[in-house]
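So the mapping is simple: our numbering equals the position in the sequence shown, first residue as 1, plus 140. Here the structure comes first, spelled out in structure tokens, and everything after it is commentary.
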Amino acid sequence: SGKSSIQKVVFHKMTPNETLFLESTNKIESENISNSSFVQFKILDFPGQIDFFEPSFDSEKIFGGHGALVFVIDAQ
């Protein structure tokens, strides 16, 4: 859908054309971004097919303790 592609272009200097060859995200992937001592955050990349209502999905464990949440939604 493009969520991982956006991350690769913005934070890893990958060209948009190179992202065409990325594998689909099949599990939650986490990456820490530390551009400076003032800019530090974590990116959680979710597969597009994840079921947030599945009993094993622990939203408190995943989202608890974070100060902000940004959604990237496929609008094609």
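A virtual CB, placed ideally from N, CA and C, is assigned to each residue, including glycine. All of these numbers come straight from a predicted model, not from anything done at the bench.
Collapsed DSSP secondary structure at residue i in the structure displayed
i	result
leucine 184	strand
glutamate 169	strand
serine 174	strand
valine 149	helix
Per-residue burial, residue i [other beta carbons within 10 Å of its own, 16 or more giving buried]
i	result
glutamine 147	buried
CB-CB length for residue i against residue j, believed under 8 Å
i	j	result
aspartate 191	lysine 143	Actually they do not touch by this definition, with Cβ atoms about 17 Å apart.
Residue of the options minimising C-alpha distance to residue i
i	options	result
valine 210	Asp198, Glu200, Ile183 and Ser196	Ile183
isoleucine 173	His152, Pro195, Pro156 and Glu200	His152
glycine 205	Ser176, Ser177 and Phe181	Phe181
isoleucine 213	Val179, Gln189 and Glu163	Gln189
Beta-carbon proximity check, residue i vs residue j, cutoff 8 Å
i	j	result
serine 145	threonine 159	yes
proline 156	valine 150	no
lysine 167	proline 187	yes
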